[in-house]
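Asker: One structure, pasted below without further comment.
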Ligand SMILES: NC(=O)C[C@H]([NH3+])C(=O)NS(=O)(=O)OC[C@H]1O[C@@H](n2cnc3c(N)ncnc32)[C@H](O)[C@@H]1O
Ligand SMILES: [Mg+2]
């Protein structure tokens, strides 16, 4: 296998040692007798210098004609040169063109209108910035799995083709299912709730689908959903647990992908240092704070982007907002009395908004049926779910964390669409 650029730049190979690298051309500058080529692989970029006399004439001709995104295999001797990017270069002894690339259509992020770059997403995903985001996302997902395993959770694989809404019928995508109709999952929650009766603590990382009619910088029609469900756990114990999960994942991702977060313009030091406790306020506190800030919001209304942004300006850490009015929350949330439910949203600072939605689950079957009806749902379509309350019901809680919301916050991304390789929004399902 080929040597990796990161290993060459980190000094694994001594000056004069010959290595072979496979990569793609970032840019090429030729004066005929000497060609400077910046090549990249998945680990970084480095300069290849091809001189007349060091390579055969054919190879010099190939080097001279290289263009952006040509794929090449280069054999050469390592040489320390502080002027070269990363402080080392490769003096080519052999150079082979593997794949041509004529008139590569992307020549830098700034030069293109975002929609053009989205039309060329299948190519733009090679860019330094999007590669960096995907490396951060990889670190986030693997840190999540590490935390779940260390805390006694089992990873499970719930269905994506489902029969009834979890988060309200208005954002369901309907699919033709043989001679019947079905929907794309909005959340694995109801299935995770059935799995805790055997496994007690379960999690899943799945795509969730929301036919949101909103064009915002934090909504996708398809996103990756990190969800956990825990038997015997109440709301406030879960909040403690969520602090531990979020801090572990942020610390680990910032540690592992420090350079990538910096490259994208994020603040890795903040996420390396993030630790509990996070501020905790109630919905009532939040309403008072917003009204004091001049918002004309009334008790009973939900928070949108602007309200969440305003709330977050009072803190430099994520905040937990608890006990919303039952009217604006899902049917499955446990009744807290006085018209509220035992739920919590985690809102990230600096306007990044809701990252986690979570609650203790209602165990009283009649209350669930009544709330389903009030929300325009047909309880008979939830008979399987209601069985979970008929047979050995236990207190339990669970949460959903948007992977792209989390990655957008860690990377400081302007738009959530850059936290997923191929974004699906109200106006885009291509490429
Ligand atoms: N297992 C559970 O308890 C999860 C629960 N059934 C649920 O789906 N809650 S949620 O609708 O607040 O969505 C959870 C999170 O899912 C993310 N989310 C929710 N909707 C979106 C959209 N449209 N785009 C991107 N991310 C989204 C966001 O971070 C939310 O906090
Ligand atoms: Mg929510």
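Residue numbers (my numbering): 33 to 463.
Just so you know, even glycine gets a beta-carbon here, dropped at the ideal spot from N, CA and C.
Fair warning: this is a prediction, and the values are worked out from it, not measured in the lab.
#1: Assess contact between the region 257-269 and the region 433-451, defined as three or more Cβ pairs (one per stretch) separated by less than 8 Å. Is contact present?
#2: In whole angstroms, what separates the C-alpha of residue 398 from that of residue 196?
#3: With a threshold of 7 Å (Cβ to nearest heavy atom), would residue 440 be considered close to ligand 1?
#4: Per DSSP, what kind of secondary structure is residue 167 in: helix, strand or coil?
#5: Quick one: what does DSSP say residue 365 is sitting in, helix, strand or coil?
#6: In whole angstroms, what separates the C-alpha of residue 353 from that of residue 221?
#7: Using 7 Å as the cut-off, classify the Cβ of residue 433 as near or not near the heavy atoms of ligand 1, replying yes or no.
#8: Nearest-angstrom Cα distance between residue 229 and residue 425?
#9: Check whether the region 183-198 touches the region 208-226, counting contact only when three or more Cβ pairs, one atom from each stretch, lie closer than 8 Å.
#10: With DSSP as the reference, label residue 250 as helix, strand or coil.
#11: Looking at ligand 2, does it come within less than 7 Å of residue 377, judged from the CB to the closest heavy atom?
#12: Can you list the beta strand (DSSP E) stretches of 3 or more residues lying completely in the region 100-138, in chain order?
#13: Using the Cα positions of residue 449 and residue 245, report the straight-line distance between them to the nearest angstrom.
#14: When the Cα of residue 236 is compared with those of 329, 266, 358 and 180, which residue comes out closest?
#15: Checking contacts by CB at 8 Å: is residue 428 closer than that to chain D?
#16: Quick check: is any heavy atom of ligand 2 less than 7 Å from the C-beta of residue 392?
#17: Spatial neighbours of residue 214 within its chain, please: C-beta separation below 7 Å, excluding the five flanking residues on both sides.
Answerer: Walking through what the data contain:
#1: yes
#2: 19 Å
#3: no
#4: helix
#5: strand
#6: 20 Å
#7: yes
#8: 8 Å
#9: yes
#10: coil
#11: yes
#12: 103-112 and 120-131
#13: 16 Å
#14: 180
#15: Here there is only one protein chain, and chain D is not present.
#16: no
#17: 193, 194, 195 and 207
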